[in-house]
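Chains A and B are the protein sequences, given in the same order. Per UniProt numbering, the first sequence runs over residues 1 to 338. Per UniProt numbering, the second sequence runs over residues 1 to 565. Using N, Cα and C, we set each Cβ at its ideal position, and we do this for glycine too. On a predicted model such as this, the values are computed, not experimentally measured, just so you know.
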Amino acid sequence: MSQLTIRQVSKSFGNSQILRDITLDVETGSIMTLLGPSGCGKTTLLRIIAGLETPDSGLIRAGDREFVDCAKGIILPPQQRRLGFVFQDYGLWPHMSVAKNIAFPLKMLKLPRHEIDSRIAEVLSAVRLTEHAAKLPEQLSGGQKQRVSIARALAARPTLILFDEPLSNLDANLREELGQEIRQLAQQFGQTCVNVTHDRREAQLLSDRIALMKDGVCHQYGRPEELFRAPVDSWAARFLDAGNILPARVLPELSDAKAEVMIPRSALRLADNTAKMDQGKDEGIEATVLSSLYIDDRYEVVAVVAGHPVKLFTDRLLSAGQPVRINVARETLLSYPR
Amino acid sequence: MTAVALPARSSGQTRSIRPLLLGLAALIMLTLVGLPVLAILLYALFPHINEWSLAEPFSVLLPNLANPHLIGATLNSLSLSLSVTLLSAAIALPLAYRRAQLPESSGRIWDALLMLPFLIPPYIGALSWMQLLQVNGFSEQLLGFNLASFLYSFPGIVTVMALHLFPMIYLATSKAFAVIGRRYGDVGRVFGGSTLQIFTRIHLPMVLPTLLSSGLIVFVLTIEEFGTPEILGSRFGFRVIVTSIHEKLSDWPIDLPGASVLSIILILIAFAAYRLHQRLANRFSAAIDNQQVDAAGTERTGRQRLIDLLLFGSAFFLAVMLPLLTITASSLLDTLSGGLTLANMSLKHLSGLFDLDSEAWGAISTSFGLALAAALCSVLIAILVAFTVVRLRTRGTALLDFLSILPNAIPGMAIAVGLILTWNQPFWPVTPYNSSAILLVAYICLTLPYPIRMLSAALKQLPQSLDDAAYISGASEARVILRILAPLLAPVALAAGFIVFAISTRELVSSLMLAPPGVQTVATYVFHQFDQGSINAGMAMSLVTILVSGSIILLGQRLPGAKIR
Numbered sequence: 001m002s003q004l005t006i007r008q009v010s011k012s013f014g015n016s017q018i019l020r021d022i023t024l025d026v027e028t029g030s031i032m033t034l035l036g037p038s039g040c041g042k043t044t045l046l047r048i049i050a051g052l053e054t055p056d057s058g059l060i061r062a063g064d065r066e067f068v069d070c071a072k073g074i075i076l077p078p079q080q081r082r083l084g085f086v087f088q089d090y091g092l093w094p095h096m097s098v099a100k101n102i103a104f105p106l107k108m109l110k111l112p113r114h115e116i117d118s119r120i121a122e123v124l125s126a127v128r129l130t131e132h133a134a135k136l137p138e139q140l141s142g143g144q145k146q147r148v149s150i151a152r153a154l155a156a157r158p159t160l161i162l163f164d165e166p167l168s169n170l171d172a173n174l175r176e177e178l179g180q181e182i183r184q185l186a187q188q189f190g191q192t193c194v195n196v197t198h199d200r201r202e203a204q205l206l207s208d209r210i211a212l213m214k215d216g217v218c219h220q221y222g223r224p225e226e227l228f229r230a231p232v233d234s235w236a237a238r239f240l241d242a243g244n245i246l247p248a249r250v251l252p253e254l255s256d257a258k259a260e261v262m263i264p265r266s267a268l269r270l271a272d273n274t275a276k277m278d279q280g281k282d283e284g285i286e287a288t289v290l291s292s293l294y295i296d297d298r299y300e301v302v303a304v305v306a307g308h309p310v311k312l313f314t315d316r317l318l319s320a321g322q323p324v325r326i327n328v329a330r331e332t333l334l335s336y337p338r
Numbered sequence: 001m002t003a004v005a006l007p008a009r010s011s012g013q014t015r016s017i018r019p020l021l022l023g024l025a026a027l028i029m030l031t032l033v034g035l036p037v038l039a040i041l042l043y044a045l046f047p048h049i050n051e052w053s054l055a056e057p058f059s060v061l062l063p064n065l066a067n068p069h070l071i072g073a074t075l076n077s078l079s080l081s082l083s084v085t086l087l088s089a090a091i092a093l094p095l096a097y098r099r100a101q102l103p104e105s106s107g108r109i110w111d112a113l114l115m116l117p118f119l120i121p122p123y124i125g126a127l128s129w130m131q132l133l134q135v136n137g138f139s140e141q142l143l144g145f146n147l148a149s150f151l152y153s154f155p156g157i158v159t160v161m162a163l164h165l166f167p168m169i170y171l172a173t174s175k176a177f178a179v180i181g182r183r184y185g186d187v188g189r190v191f192g193g194s195t196l197q198i199f200t201r202i203h204l205p206m207v208l209p210t211l212l213s214s215g216l217i218v219f220v221l222t223i224e225e226f227g228t229p230e231i232l233g234s235r236f237g238f239r240v241i242v243t244s245i246h247e248k249l250s251d252w253p254i255d256l257p258g259a260s261v262l263s264i265i266l267i268l269i270a271f272a273a274y275r276l277h278q279r280l281a282n283r284f285s286a287a288i289d290n291q292q293v294d295a296a297g298t299e300r301t302g303r304q305r306l307i308d309l310l311l312f313g314s315a316f317f318l319a320v321m322l323p324l325l326t327i328t329a330s331s332l333l334d335t336l337s338g339g340l341t342l343a344n345m346s347l348k349h350l351s352g353l354f355d356l357d358s359e360a361w362g363a364i365s366t367s368f369g370l371a372l373a374a375a376l377c378s379v380l381i382a383i384l385v386a387f388t389v390v391r392l393r394t395r396g397t398a399l400l401d402f403l404s405i406l407p408n409a410i411p412g413m414a415i416a417v418g419l420i421l422t423w424n425q426p427f428w429p430v431t432p433y434n435s436s437a438i439l440l441v442a443y444i445c446l447t448l449p450y451p452i453r454m455l456s457a458a459l460k461q462l463p464q465s466l467d468d469a470a471y472i473s474g475a476s477e478a479r480v481i482l483r484i485l486a487p488l489l490a491p492v493a494l495a496a497g498f499i500v501f502a503i504s505t506r507e508l509v510s511s512l513m514l515a516p517p518g519v520q521t522v523a524t525y526v527f528h529q530f531d532q533g534s535i536n537a538g539m540a541m542s543l544v545t546i547l548v549s550g551s552i553i554l555l556g557q558r559l560p561g562a563k564i565r
């Protein structure tokens, strides 16, 4: 079942069209990420879902509630949408304690005091910050602040939680950890979430579905693995950093009509018998090692093929300048017409 | 369904009051700041504009521009401002450079002490130097010599003004030295530079933009200054633009178009200098940003300590102690002719100020009442303008932004002239002119840049997400302002109010030019006491002004929000 329905939403600022006919669905209890470079319209779309911006045309429905229906002139103000929002810069009110921050949306719902208290206790224990309830935001670390922000969003049991680059202010280790935690919390509370990011890693950490956006349109939509295994074109492949992108002519057996190919890094193997290379046996393509670094249990090798750098992984150390031969697993190779 | 039907293209219902806010802010700023400036321009170009006639355009402008008096006054203004700027820089630069070498604890104390000249209104400072150095002044009574011939000369005025203004350059450049000093100086030392080489090759070029930009502020403040040139310069026939405007408006026949031509020249010079200052200041802050400085002074030898003590001590003594001691001593003297003896001392003049029937008490209550009203109005307008400019960011806010810094760049005398030209017209059904209300308008206009700058800066530091988070939580616009923004801005608004209050209580030029007959403010009272020879009563009032406005400014800066600037 779809919890969020977006139909043909468009938005312009002055002469520039930010969003064109966006149509998307987010299933109940799932996390969808709007991924794209800056200026692609992803943040505008999120703010339109939140009610902080108004679209020029289109329809947005959450469950059975109409958020926006431009044709009927319906625009629900943000106050009435019952959303949670987790901001990049946390958006915690500095003059209120952690508990007061979480209580604010509950007070706006006019919940009874005991209900507010029990909800605060529930979400604070879910984000493991129970003992920090009385602190002011400035007394917390970045990761703790973002967990308070998540707790505040969860507490009101909103229709949807919107995340605006929730991990980008945090350092690398914390990102992984908090990314996992957000997924667990979303599952535990059965929350539907929409996430916005320009960072492929953040998208991998936080998505059931990804909508890749470019120039105000949805460029590609699917599960993370679908996007990263089969980017729809060379722009998507480059943006997702899904593999090595080379001109087709580098591979002799491919016809020239195909302008570019994408080869996943895992599809490249070093030929075993580099030593036999000068015997003229035609195995793999010729390359020269540019660099070889030991990263996470393996060597990350950058080699130059016909003037183009390619990246692959090996289990042995190579030295810079060393000639190698590379085998390509043809079946995973994607080609893009120019 | 809970949806509210609205036309699809309107923005959300919660934001419907926003265009109203923008309109209101623009209307207020245009009336307060825009009209006076416009009036000056129109009057200079069309001398009969008050009769709604564009007759004889330029008939005043051209002859005035060729007038030798005007040219002389303009040259005097320029050379005075330039000399004061150079002398201020010469005093400030060694201090600022040594400041970076001081331990942080004593450095902070010197910073605070060298701020004190700002607490002495410049006209009171000039009057105190007169008391000290004139024939039969305190120096002659105590030490047997006077420096009257120096004081009433061009170098004398320059020295008095520089001693008042050098802290402006000192504070800015010492901060710049602190930011760049340790880091780049250490790098220079590592690569083998000597102390002198490091100063001339690394430090000086890097602080130059700050030196220039703070120097330009001193330039603007000097060219705007009325009290000192009027008090000291009039004694040897030294006229500057500001005092010439005063003459044109106070001596018969009153020459409004002539005053407006002078005002335009004044505005042009000050505005150009101010814009240059802004550009330099922006460039420097862009060039070195985001650097955390942990300035710990370098080791100093005993000799260096002594030199530093002498350097900072003598600056403090000359710029703060001498004027303050003179003012205090004068205010305690029963009669001027009685001389500086214990027998001639009492609290007569000080306590006389608080005699409820006296002229002095009238001036105090007028000034404080007006200052309180100005603080309230100024801060309220500033909240409106800051919210509009920072949060709404719609078209039209650029104009507001410009109008809100304008009074900073436009000399108080020009504002006063503009207000006279605007409001002294028969066609207004109601006008504040010729009542105390015109003083209130002037104070608000002059002080507005301070609260607007403080509140805008504070509001900019509050991320938009704080508002958005509240809207999404279900809060209405009013609740966002009351529950989220108001508590966060309150300390800054209070601090800004204190500053407005303090400036308003000591404002001389506009009070002198605009006060209706029979109304005295603290500043005009002091000024007139000197004309009438009741110097000791004037000094008693000065002492009270300095103490009150000083403690209020200090209080304002101590408030938690005040550091956001």
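Item                                                                                                                                    : Value
Beta-carbon contacts of Ile-116 (chain A) that lie in its chain and below 6 Å, excluding the five residues immediately before and after : Ala-103, Leu-106
Where the beta strand (DSSP E) containing Asn-64 (chain B) begins and where it ends                                                     : Careful: Asn-64 (chain B) lies outside any beta strand (DSSP E), inside the alpha helix (DSSP H) at 61-66.
The segment 183-196 of chain B touching the segment 243-257 of chain B, judged by at least three CB pairs closer than 8 Å               : no
CB contact below 9 Å: Pro-68 (chain B) versus chain A                                                                                   : no
Closest by C-alpha distance to Ser-291 (chain A), when choosing among A:Val-305, A:Ser-319, A:Gly-190                                   : A:Ser-319
Whether Asp-468 (chain B) touches Leu-52 (chain A) by CB criterion (9 Å)                                                                : yes
Expected contact under 8 Å - CB spacing of Ile-452 (chain B) and Ala-382 (chain B) to nearest Å                                         : 4 Å
Residues near Lys-248 (chain B) in its chain [Cβ-Cβ closer than 6 Å; skip 5 each side]                                                  : Asp-255, Gly-258, Ala-259
Status (buried if at least 16 other CB within 10 Å, exposed otherwise) for Gly-280 (chain A)                                            : For Gly-280 (chain A), the pLDDT reaches just 47, beneath the cut-off of 50, and the residue's location in the model is therefore unreliable, leaving the point undetermined.
Residue-level contact to chain B via CB, Asp-89 (chain A), 9 Å cutoff                                                                   : yes
Whole-angstrom distance between Gln-88 (chain A) and Leu-46 (chain A), CA atom to CA atom                                               : 13 Å
Beta-carbon neighbours of Ile-472 (chain B), restricted to chain A and to distances below 7 Å                                           : Ala-50, Pro-78, Leu-83, Phe-85
Chain-order list of residues whose beta-carbon lies under 6 Å from that of Pro-323 (chain A) (same chain, five-residue window excluded) : Thr-288
Environment of Ser-225 (chain A) [buried if 16+ CB atoms lie within 10 Å]                                                               : The residue asked about is misnamed: residue 225 (chain A) is Glu in this sequence, not Ser. Glu-225 (chain A) comes out exposed.
Short CB-CB distance (under 9 Å) between Arg-391 (chain B) and chain A                                                                  : no
Residues bridged to Ser-2 (chain A) (per DSSP)                                                                                          : A:Glu-27
DSSP-derived helix/strand/coil call for Val-232 (chain A)                                                                               : coil
Neighbour flag for Pro-37 (chain A) against chain B, beta carbons, 9 Å                                                                  : no
Nearest-angstrom Cβ-Cβ length linking Leu-400 (chain B) and Thr-388 (chain B), presumed shorter than 8 Å                                : 6 Å
Buried or exposed (CB count within 10 angstroms, at least 16 for buried), Asp-289 (chain B)                                             : Bear in mind that a pLDDT of 47 at Asp-289 (chain B), under 50, signals an unreliable position, so the number given afterwards is only what the model happens to contain. Label assigned to Asp-289 (chain B): exposed.
Contacts that Leu-466 (chain B) makes with chain A (C-beta to C-beta distance below 7 Å)                                                : Gly-91, Trp-93
Extent of the continuous alpha helix (DSSP H) run through Met-213 (chain A)                                                             : Per DSSP, Met-213 (chain A) belongs to no alpha helix (DSSP H); it is in the beta strand (DSSP E), 209-214.
Residue interval of the alpha helix (DSSP H) (run including Gly-84 (chain A))                                                           : It is not in any alpha helix (DSSP H) - Gly-84 (chain A) instead sits in the beta strand (DSSP E) that spans 83-86.
Alpha helix (DSSP H) segments (min. 4 residues) lying fully within the segment 94-180 of chain A                                        : 98-108, 113-126, 142-155
Which of helix, strand or coil DSSP assigns to Ser-106 (chain B)                                                                        : helix
Integer Cβ distance of Val-261 (chain A) from Leu-205 (chain A), believed to fall under 8 Å                                             : Between Leu-205 (chain A) and Val-261 (chain A) the Cβ distance is about 29 Å, and since that is not below 8 Å, they are no contact.
For Ala-515 (chain B), the nearest candidate out of B:Ser-551, B:Val-441, B:Phe-501, B:Ala-537 (CA to CA)                               : B:Val-441
Per DSSP, the bridge partner or partners of Thr-288 (chain A)                                                                           : A:Val-304, A:Pro-323
Residues near Phe-226 (chain B) in its chain [Cβ-Cβ closer than 7 Å; skip 5 each side]                                                  : Val-242, Thr-243, His-246, Met-413, Leu-508, Val-509
Min CB distance Arg-119 (chain A) to chain B below 9 Å                                                                                  : no
Test: Leu-35 (chain B) CB closer than 9 Å to a CB of chain A                                                                            : no
Beta carbon proximity, Pro-19 (chain B) to chain A, threshold 9 Å                                                                       : no
Three or more C-beta pairs below 8 Å linking the segment 511-527 of chain B and the segment 453-468 of chain B                          : no
Per-residue burial, Ile-295 (chain A) [other beta carbons within 10 Å of its own, 16 or more giving buried]                             : exposed
Within-9 Å CB hit, Ala-386 (chain B) to chain A                                                                                         : no
Whole-angstrom distance between Val-98 (chain A) and His-132 (chain A), CA atom to CA atom                                              : 7 Å
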